[in-house]
Structure formats: C-alpha cells, structure tokens
Amino acid sequence: MRPGEDEFDRILDDCLDRLLRGESVESCLGGYPRQALELEPLLRAAFQMQRALSPPLPLGQKAGARLRLAQALRERAQRPRRRWLAWPHLASRWALAASVALVFVLVAGAGAGTVAASANTAPDQPLYGVKRTAESVRIFFSVGAESKANTYARQVDQRLGEMARMVEAGRPREVELLGEDLRGHLERIQELAGAPGLARPGLRKAGAPEQRGTAPLGPAMRPADSAPGAPGQRGTAPAVIQPSTATPQAPTPQERVLPDRVAALTAMLERNVEQRRSQLLAALETAPPEARPRILRAIALTEERHRQALEEIKRRASEAERERRKGPPPDSDLLDPGGQPAPKPPVERPRPLRP
Amino acid sequence: MGTGAPEARRRKEEALAGLFETHYERIVRYVAARVGRSGEAEDLASQVFVRAVEALDSYEERGLPMQAWLFRIAHNLVVDFLRRGAHRQTAPIDELLVAGAGGPEETVALHLQVETVAAAMEQLTPAQRDVLALRALGGLTSEQAGKVLGKSAGAVREMQSNALKSLRRLLEGGEKR
Chain C
1366 MRPGEDEFDR ILDDCLDRLL RGESVESCLG GYPRQALELE PLLRAAFQMQ RALSPPLPLG
1426 QKAGARLRLA QALRERAQRP RRRWLAWPHL ASRWALAASV ALVFVLVAGA GAGTVAASAN
1486 TAPDQPLYGV KRTAESVRIF FSVGAESKAN TYARQVDQRL GEMARMVEAG RPREVELLGE
1546 DLRGHLERIQ ELAGAPGLAR PGLRKAGAPE QRGTAPLGPA MRPADSAPGA PGQRGTAPAV
1606 IQPSTATPQA PTPQERVLPD RVAALTAMLE RNVEQRRSQL LAALETAPPE ARPRILRAIA
1666 LTEERHRQAL EEIKRRASEA ERERRKGPPP DSDLLDPGGQ PAPKPPVERP RPLRP
Chain R
36 MGTGAPEARR RKEEALAGLF ETHYERIVRY VAARVGRSGE AEDLASQVFV RAVEALDSYE
96 ERGLPMQAWL FRIAHNLVVD FLRRGAHRQT APIDELLVAG AGGPEETVAL HLQVETVAAA
156 MEQLTPAQRD VLALRALGGL TSEQAGKVLG KSAGAVREMQ SNALKSLRRL LEGGEKR
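Respectively, the protein sequence lines represent chains C and R.
Everything in the first sequence is counted per my numbering, starting at 1366 for the first residue and increasing by one.
Everything in the second sequence is counted per my numbering, starting at 36 for the first residue and increasing by one.
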C-alpha cells in the first residue's frame, strides 16, 4: 500500500478481486466485518454492473473473430524455416530404404491388404507408417516430373485430411508434424515446377538428399551431374538434346513440369486446400479448448506455407518458361561448320495431366 | 535471427492464440462498455487481436502480462474510436443484450437491468468507466489496469472506489425513478 492510501480502497479492491474469482458478496463481507456496512452496497453495485454487462455473446461471433486472427497469424508467417520436427520412425534414410523394400515386398506379396488397409489411417494409428512408406514407393515409381508432382499434390491433400482428423482429436503436435510434412511435399513440387538452379535460398536444392519422409530421389530429383545409369535414373524419358552452352543445372523438359501443366497443378492444389479449410475450421470448433491455440497457429502456418508455395511454383514455372523461350545464346560452339546456328531444341508438346 | 527466435516467436503466437480463447469475451465487454455499441465492440475486439499479431514481435513481457497488453491495445483502439466519432460516446450500451436473453420474460428483465446499468455508466466520467470496465468486465487486477492506463495501482484503487460510490448512487437513483 502506498503511503496515505485509503485502507478502505484496498479492502474494496481485494473484495472486487474475490468477486471476480467467483466468491459471493457475503463471503467477501465475512472477511471484513468492520467495513461490511460500507462495503456491501458498493460490492452489490459492482456485481450488478458485471452481471448486466456480461451477457453471452452471439453464437458464431467468436468463430468469425477466430478466422480473422488465423488470417493475421497466417500473414505473419515468414518464409519456411528449416525443419525442426520429424516423424521419428521416418527420420533415417536407412530406415526409409528398408521400409521401401519391405513395402515393395508387401505390395508384391501377400501384404497388399495391409497397405490397402493403411490407406485411411491417421498418424495416431499403427498402420500409418505403412501408409507413408507406401506413398514413398509411389513417388519412387512415378515416372517423369509431372507424374511425381501430381503424386506429391495428392499427398498434400492426404496430409490436410489427416490434419483435420488430428485437430478433431485435439493432437496439436501431430498437426504441427503434418504441417511440416506438407511443407516438404510442397517443396518437392516447387522443385519439379522449375529449374534446380532457381532454388530459393533456404530451400533444399533440387537433388539434395531428402531429409525424411519421402522417397529416395527419383529421376526428376537427381542432380544434373548424376552419373548416367544410376538407379535413380531408371524410367527417365530419352534425353532431349541441349545446347552445349546450357548451364550444367539447366533442367531438361523431363525434369520439370511443363509450364502449361503447372496451371492445372496449382489449380488442383488451390481447390484442395479450399475444400480442406472448412473441414479444418469445423474440426477446430470441436477440438479441446486447451489444444486450440497451438492448433490454430499450426493451421495458420500451414495455410501460409501453402499460399507461398503456390506463388513460388508459379514463379518458378514462369521463370523456366522464360528461359526456354529465350533459347540458346549466340555462341560459336552452337554454329554448324557452315556458320548456321545449331537447331533449336525440340518444342515441348503439352501432355494431359494425369488424374 | 538466433536459434531461440523461432521458438520465442512460436511461444508468443501460442500465448496470443490462447488468450484469444480465454479473453475474447472480456475484451468485447470492455470495449462495449466504452463504445456502447455491440456491433462496433465486436469489430474492435477482433481488431485488437489483429493489431496484437502485427505488433507481436515488439511485445516483451517486462512486467506487462500479455493480457494487460491486449487491453492496452483495446484501450488505445477505443480512444481512437471515440476521438473519431465523439457523438458515439453517449450511445446506449443496451444493444449488448441482444444475444444473451432466453425467454420473453427473461429478455424484458435483462433488458431493464442492462438499461439501468448502462444509463448509470454513461453518467460516470470516462476515466471511471474505463477503470470499472477494465476491472469488473476485463477481469484485470488493479496493478494491470494501472499499466493499461498509465497510472499507479493505488491511483486505480482510489478511482475505482470513487467510481463504485458514484455508480451505487446512480443505480439507486435509477431504481427509485
């Protein structure tokens, strides 16, 4: 108490605190019998005011405000940082390789039913590891950048669906982990949509080892200087002749999604996230209150990453397309003995997007 | 940005999201008691959290808990709002009633009660309204309310005492009418 402060003010303040904690007026008065007569009308006035001005808020109003908060958190999210979370059972590349082999055996043999049974599992279920490994196998056997990118896009949708289930279950850590995995899928799509040399600082360079959770590198993910005939190059389409002056990291058309297919890919990603957003927010309403803050943040972060990834995919695709249109720079190496420019690389023809 | 920064950032964001769950209603009521209109109060309360997200990097606890910081943002928004449209200072706060009532009798009784309290509150000085709203509706301690208002806890207690004495007189007068 400061010198000279009225003792009564302090007692009234204490009683008000007790009222706010849920005590009754009578209980507060019992603590200060000598001041009770003076205190009582003031406490009743405070109580009356508090009760009158604290009606329940309209249903849905808080949900609207929560959406605005989620949007603000999403906008605040910065560019992706390095991963710091990992599924323990998918962390090791050796473990992953062993799992791929195991799943291959299972798929080829009597275990196909197990893989099928794992299709709708979530991270809190025993067969979830089988599901993720089966996904890695699908990536491994996807031929061509477009096929791989579409497979990753389907995996993004899978992660969003699993997130909604984990939100409902009130499992914030799993929601965060799934958000990290989703980011990994999106990064792979980004790489497939543009030239490896266009990789943004802070992102894994195309062809660099996967950190976790995804397949061994397929043809589209191989570094440009990989040894020919390496296992990862199995299934690669015949190489398109490139001008000799092309940078070593310039992609062949087979190593990236063709620009005209990127639009379809991004449209699919946008459509999926739009559909899953309402599912996620509905799930959030039923999540345990104590888990909501962390979940809300994880959802906002995921949405922001998704948005950024889409922008990046479009940017890379248009940059790759610009590079393609520019063609080879004039160079004596490109001239034929008669002084004529070397023929341009074959024009890419659009291919239908795989379902 | 050091290695601890993302973690600190994550903690702040989670703390803010947590306070949204526990304090949103309080902030709406605090704002409504100051600006008088529930629709505007809801909008301002929502803005409080958006502003908080925008300013989150600059927030450091240093004796000001995050909930008090949110009320400071709310207080500043209210002051700006009232400055922009002073005519609204005397707007009725009984619109707050809309959502909470049950049956018709309950609605009428609650309406009367809200009307009485609202009329009394409007006759308090802005500072008195502020202190009572922060304490009784916002649930802040007198120390926290002092930090929001830039006053000492003792000054808040004194102001609160005077405000309650005035409110009591006004409520008794209103009921006798």
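All C-beta atoms in this analysis are idealised placements derived from N, C-alpha and C, irrespective of residue type, glycine included.
Local Cβ density within 10 Å of residue i, reported as buried at 16 or more and exposed below that
i, result
"R/Thr160", "exposed"
"C/Ser1512", "buried"
"R/Gly173", "buried"
"R/Thr57", "exposed"
"C/Glu1639", "exposed"
"C/Glu1648", "Here the sequence assigns Ala to residue 1648 of chain C, which means Glu is not the residue at that position. Result: buried."
"R/Asp115", "exposed"
"R/Ala40", "exposed"
"C/Gly1395", "exposed"
"C/Lys1803", "Any question about residue 1803 of chain C goes unanswered here, given that chain C covers just 1366 to 1720."
"C/Asn1485", "exposed"
"C/Asp1546", "buried"
"R/Pro139", "exposed"
"C/Pro1488", "buried"
"C/Leu1557", "buried"
"C/Thr1631", "buried"
"C/Asp1374", "buried"
"C/Asp1371", "exposed"
"C/Ala1481", "exposed"
"C/Pro1596", "Low per-residue confidence applies at C/Pro1596: pLDDT is 32, beneath 50, and the placement is therefore not dependable, though the value from the model is reported in the following sentence. So C/Pro1596 ends up on the exposed side."
"R/Asn111", "exposed"
Beta-carbon neighbours of residue i, restricted to chain C and to distances below 9 angstroms
i, result
"R/Gly98", "Those within 9 angstroms of R/Gly98 in chain C number zero; the least Cβ separation is about 17 angstroms."
"R/Lys186", "Neighbours of R/Lys186 on chain C: none; closest Cβ ~12 angstroms, over 9 angstroms."
"R/Val149", "Ala1417, Leu1418 and Pro1420"
"R/Glu75", "By Cβ distance, chain C contributes nothing, its closest Cβ being about 13 angstroms from R/Glu75, past 9 angstroms."
Limits of the alpha helix (DSSP H) - the one that residue i falls within
i, result
"C/Ala1484", "From DSSP, C/Ala1484 is part of no alpha helix (DSSP H); its letter is neither H nor E."
"C/Val1502", "Tyr1493 to Phe1506"
"C/Thr1667", "Arg1657 to Lys1691"
"R/Pro161", "Pro161 to Leu167"
"C/Arg1530", "Ala1510 to Glu1533"
"C/Ser1389", "Unbroken run through C/Ser1389: none, as it is neither H nor E."
"C/Gln1555", "Pro1537 to Ala1558"
"R/Gln158", "Here R/Gln158 belongs to no alpha helix (DSSP H), and DSSP marks it neither H nor E."
"C/Leu1407", "Ala1401 to Ala1417"
"C/Arg1641", "Pro1624 to Thr1651"
"C/Ala1430", "Gln1426 to Arg1441"
"R/Glu96", "Unbroken run through R/Glu96: none, as it is neither H nor E."
"R/Ala180", "Ser177 to Leu184"
Interface residues of chain R facing residue i [CB-CB closer than 7 angstroms]
i, result
"C/Asp1378", "Ser177, Arg192 and Gln195"
"C/Asp1382", "Thr176"
"C/Arg1548", "Those within 7 angstroms of C/Arg1548 in chain R number zero; the least Cβ separation is about 14 angstroms."
Proximal residues of chain R, C-beta to C-beta of residue i below 8 angstroms
i, result
"C/Lys1427", "Tyr59 and Glu60"
"C/Ser1483", "Within 8 angstroms Cβ-Cβ: nothing; C/Ser1483 doesn't reach chain R, min ~31 angstroms."
"C/Phe1373", "Ser196"
"C/Arg1538", "Correct list: empty, because the minimum Cβ distance to chain R is about 12 angstroms."
"C/Arg1524", "Chain R residues near C/Arg1524: none, gap ~20 angstroms exceeds 8 angstroms."
Cβ distance (whole Å) where residue i is taken to contact residue j below 8 angstroms
i, j, result
"C/Ser1501", "C/Leu1492", "About 15 angstroms separates the two Cβ atoms, so there is no contact after all."
"R/Ser177", "C/Asp1378", "5 angstroms"
"R/Ala168", "R/Tyr65", "5 angstroms"
"C/Gln1415", "R/Ala171", "4 angstroms"
"R/Leu79", "R/Val113", "7 angstroms"
"R/Val152", "C/Leu1418", "6 angstroms"
"C/Arg1433", "C/Glu1668", "Not really, about 13 angstroms apart at Cβ, beyond 8 angstroms."
"C/Arg1782", "C/Ala1442", "A question about residue 1782 of chain C goes unanswered here, because the residues of chain C that appear run from 1366 up to 1720."
Within chain C, the residues that residue i reaches when beta carbons sit closer than 8 angstroms
i, result
"R/Gly174", "Leu1385"
"R/Ala80", "Ala1430"
"R/Ala144", "What R/Ala144 touches in chain C: nothing, since even the nearest Cβ is about 11 angstroms away."
"R/Phe116", "Neighbours of R/Phe116 on chain C: none; closest Cβ ~17 angstroms, over 8 angstroms."
Partner residues on chain C for residue i, Cβ-Cβ distance less than 7 angstroms
i, result
"R/Val152", "Gln1413, Met1414, Ala1417 and Leu1418"
"R/Lys182", "None at all; the shortest Cβ gap to chain C is about 15 angstroms."
"R/Arg203", "Pro1406, Leu1407 and Ala1410"
"R/Glu48", "Leu1438 and Arg1662"
"R/Glu56", "Pro1654, Arg1657 and Pro1658"
"R/Leu105", "Simply none; closest approach about 12 angstroms."
"R/Gly53", "Pro1658"
"R/Leu206", "Ala1410 and Gln1413"
"R/Leu167", "Met1414"
"R/Val63", "Leu1422"
Listed by chain order, chain R residues near residue i by CB distance under 9 angstroms
i, result
"C/Arg1433", "Ser81, Gln82, Phe84 and Val85"
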